[in-house]
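To get my numbering, take the position in the sequence shown, counting from 1, and add 33.
Even for Gly, the Cβ is constructed at its ideal location relative to N, Cα and C.
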Amino acid sequence: MEELMDLKERMERERPAQWHELPDIALYMDQIISYMPRQLIHFDDSEALTSAMVNNYIKDGLVPRASGKRYGPIHLGYLTAVCALKKVLSVRDIGILMRAGEERTREPEELYRYFCGALDRALSGTAAAIDGEAGREELAKMALDLALRSYADQLACARILDILQPAGADQGKKTKK
(Lines of atoms letter the chains of each structure in order from A and count residues from 1; the text may use other names and numbers.)
(Lines give C-alpha, C1' and ligand atoms only; values in the text may rest on other atoms or scores of the structure.)
Protein backbone atom coordinates (compact mmCIF):
# COMPACT_ATOMS: atom_id res chain seq x y z
CA MET A 1 0.00 0.00 0.00
CA GLU A 2 1.64 3.22 -1.21
CA GLU A 3 0.34 5.48 1.59
CA LEU A 4 1.65 3.09 4.24
CA MET A 5 5.07 2.92 2.60
CA ASP A 6 5.14 6.74 2.46
CA LEU A 7 4.32 6.92 6.17
CA LYS A 8 6.99 4.37 7.06
CA GLU A 9 9.63 6.06 4.91
CA ARG A 10 8.89 9.52 6.31
CA MET A 11 9.09 8.19 9.87
CA GLU A 12 12.42 6.56 9.07
CA ARG A 13 13.87 9.58 7.28
CA GLU A 14 12.43 12.93 8.40
CA ARG A 15 14.02 14.52 11.46
CA PRO A 16 14.30 18.03 12.88
CA ALA A 17 17.41 20.00 12.00
CA GLN A 18 20.35 19.30 14.28
CA TRP A 19 21.44 22.20 16.52
CA HIS A 20 24.31 23.21 14.24
CA GLU A 21 21.87 23.24 11.28
CA LEU A 22 19.43 25.67 12.92
CA PRO A 23 19.67 29.23 11.61
CA ASP A 24 22.10 31.10 13.84
CA ILE A 25 20.89 34.52 12.74
CA ALA A 26 18.18 36.42 14.56
CA LEU A 27 14.76 35.68 13.09
CA TYR A 28 11.52 37.62 13.32
CA MET A 29 8.23 35.97 14.31
CA ASP A 30 7.04 35.46 10.71
CA GLN A 31 10.35 33.74 9.87
CA ILE A 32 9.96 31.44 12.89
CA ILE A 33 6.41 30.57 11.82
CA SER A 34 7.53 29.74 8.27
CA TYR A 35 10.57 27.73 9.50
CA MET A 36 8.80 25.48 12.01
CA PRO A 37 6.85 23.21 9.59
CA ARG A 38 10.22 21.79 8.45
CA GLN A 39 10.98 20.56 11.95
CA LEU A 40 8.31 17.86 12.40
CA ILE A 41 6.37 15.44 10.22
CA HIS A 42 3.00 16.84 9.12
CA PHE A 43 0.34 15.41 6.84
CA ASP A 44 -1.78 18.57 6.65
CA ASP A 45 -1.71 22.23 7.66
CA SER A 46 -4.29 21.92 10.45
CA GLU A 47 -1.65 22.14 13.17
CA ALA A 48 0.24 25.16 11.88
CA LEU A 49 2.09 27.20 14.49
CA THR A 50 0.79 30.75 14.89
CA SER A 51 2.31 33.84 16.47
CA ALA A 52 -0.40 33.71 19.16
CA MET A 53 0.67 30.16 20.03
CA VAL A 54 4.33 31.20 20.26
CA ASN A 55 3.39 34.12 22.52
CA ASN A 56 1.33 31.80 24.73
CA TYR A 57 4.21 29.31 25.02
CA ILE A 58 6.48 32.18 26.05
CA LYS A 59 3.88 33.43 28.56
CA ASP A 60 3.52 29.89 29.96
CA GLY A 61 7.30 29.64 30.39
CA LEU A 62 7.76 26.84 27.86
CA VAL A 63 9.86 28.96 25.50
CA PRO A 64 12.35 31.65 26.55
CA ARG A 65 11.50 35.29 25.85
CA ALA A 66 12.79 36.74 22.61
CA SER A 67 15.69 39.16 22.55
CA GLY A 68 13.73 42.20 21.47
CA LYS A 69 11.60 40.84 18.64
CA ARG A 70 14.26 38.42 17.46
CA TYR A 71 14.42 34.68 17.92
CA GLY A 72 17.35 32.29 17.57
CA PRO A 73 18.28 28.60 17.75
CA ILE A 74 17.22 28.35 21.41
CA HIS A 75 13.68 29.40 20.48
CA LEU A 76 13.56 27.04 17.50
CA GLY A 77 14.73 24.17 19.70
CA TYR A 78 12.16 24.81 22.41
CA LEU A 79 9.38 25.36 19.87
CA THR A 80 10.24 22.10 18.11
CA ALA A 81 9.94 20.23 21.41
CA VAL A 82 6.70 21.98 22.39
CA CYS A 83 5.11 21.35 18.98
CA ALA A 84 5.91 17.64 19.20
CA LEU A 85 4.95 17.22 22.86
CA LYS A 86 1.69 19.21 22.71
CA LYS A 87 0.14 16.35 20.73
CA VAL A 88 0.35 14.10 23.79
CA LEU A 89 0.94 16.30 26.86
CA SER A 90 -0.79 19.27 28.45
CA VAL A 91 1.03 22.60 28.68
CA ARG A 92 1.41 21.94 32.42
CA ASP A 93 3.04 18.54 31.80
CA ILE A 94 5.32 19.93 29.10
CA GLY A 95 6.44 22.53 31.63
CA ILE A 96 7.19 19.86 34.25
CA LEU A 97 9.19 17.87 31.72
CA MET A 98 11.15 20.89 30.49
CA ARG A 99 11.95 22.11 34.01
CA ALA A 100 13.21 18.62 34.89
CA GLY A 101 15.47 18.66 31.84
CA GLU A 102 16.72 22.16 32.65
CA GLU A 103 17.54 21.09 36.21
CA ARG A 104 19.80 18.41 34.74
CA THR A 105 21.55 20.78 32.37
CA ARG A 106 21.32 24.50 31.66
CA GLU A 107 22.61 24.10 28.11
CA PRO A 108 19.78 24.39 25.54
CA GLU A 109 21.97 22.69 22.92
CA GLU A 110 22.34 19.58 25.10
CA LEU A 111 18.60 19.50 25.87
CA TYR A 112 17.80 19.80 22.17
CA ARG A 113 20.31 17.11 21.25
CA TYR A 114 18.69 14.74 23.78
CA PHE A 115 15.20 15.62 22.47
CA CYS A 116 16.27 14.90 18.87
CA GLY A 117 17.82 11.58 19.89
CA ALA A 118 14.70 10.54 21.81
CA LEU A 119 12.47 11.58 18.89
CA ASP A 120 14.68 9.62 16.50
CA ARG A 121 14.36 6.48 18.65
CA ALA A 122 10.58 6.90 18.91
CA LEU A 123 10.06 7.48 15.19
CA SER A 124 12.37 4.62 14.24
CA GLY A 125 10.62 2.26 16.67
CA THR A 126 7.20 3.15 15.33
CA ALA A 127 8.39 2.90 11.72
CA ALA A 128 9.67 -0.61 12.49
CA ALA A 129 6.19 -1.55 13.73
CA ILE A 130 4.60 -0.51 10.43
CA ASP A 131 4.31 -3.25 7.85
CA GLY A 132 4.55 -1.31 4.62
CA GLU A 133 3.28 -4.35 2.72
CA ALA A 134 0.16 -4.79 4.87
CA GLY A 135 -3.14 -5.09 3.11
CA ARG A 136 -6.21 -3.08 3.98
CA GLU A 137 -7.58 -5.90 6.17
CA GLU A 138 -4.48 -5.73 8.41
CA LEU A 139 -4.61 -1.96 8.96
CA ALA A 140 -7.09 -2.11 11.85
CA LYS A 141 -4.87 -4.55 13.76
CA MET A 142 -1.81 -2.40 13.14
CA ALA A 143 -3.67 0.75 14.24
CA LEU A 144 -4.90 -1.02 17.40
CA ASP A 145 -1.38 -2.19 18.25
CA LEU A 146 -0.03 1.35 17.82
CA ALA A 147 -2.91 2.87 19.82
CA LEU A 148 -2.40 0.44 22.71
CA ARG A 149 1.34 1.12 22.72
CA SER A 150 0.48 4.83 22.91
CA TYR A 151 -1.91 4.13 25.79
CA ALA A 152 0.74 2.21 27.73
CA ASP A 153 3.38 4.87 27.05
CA GLN A 154 0.98 7.62 28.14
CA LEU A 155 0.20 5.80 31.40
CA ALA A 156 3.88 5.48 32.21
CA CYS A 157 4.60 9.08 31.18
CA ALA A 158 1.78 10.49 33.34
CA ARG A 159 3.00 8.58 36.38
CA ILE A 160 6.61 9.67 35.86
CA LEU A 161 5.50 13.31 35.50
CA ASP A 162 3.59 12.97 38.80
CA ILE A 163 6.79 11.70 40.43
CA LEU A 164 8.74 14.65 38.96
CA GLN A 165 6.34 17.15 40.53
CA PRO A 166 7.89 18.95 43.50
CA ALA A 167 6.46 17.75 46.83
CA GLY A 168 3.26 19.62 47.64
CA ALA A 169 2.92 21.17 44.18
CA ASP A 170 -0.16 19.12 43.40
CA GLN A 171 -1.86 19.11 46.81
CA GLY A 172 -4.90 21.10 45.63
CA LYS A 173 -5.60 18.50 42.94
CA LYS A 174 -5.33 15.58 45.37
CA THR A 175 -7.56 17.06 48.08
CA LYS A 176 -10.38 17.73 45.61
CA LYS A 177 -10.88 14.03 44.87
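Take A114, set aside five residues on each side of it, and the residues of its chain with a beta-carbon closer than 6 Å to its own are F148, in chain order.
DSSP, reduced to helix, strand and coil, places L144 within a helical segment of the structure shown. Take E171, set aside five residues on each side of it, and the residues of its chain with a beta-carbon closer than 8 Å to its own are D164, in chain order. Rounded to the nearest whole angstrom, the CA to CA distance from S157 to S84 is 31 Å. Here L156 carries a helix assignment [DSSP, helix/strand/coil]. Minimum Cα-Cα distance from D78 among the listed residues R132, V87, I66 corresponds to I66.
Counting along the chain, the unbroken alpha helix (DSSP H) around T113 starts and ends at 106-118.
The count of Cβ pairs closer than 8 Å, one atom from the region 53-63 and one from the region 183-192, stays below three, leaving the stretches out of contact. Assigned with DSSP and collapsed to three states, S100 falls in strand.
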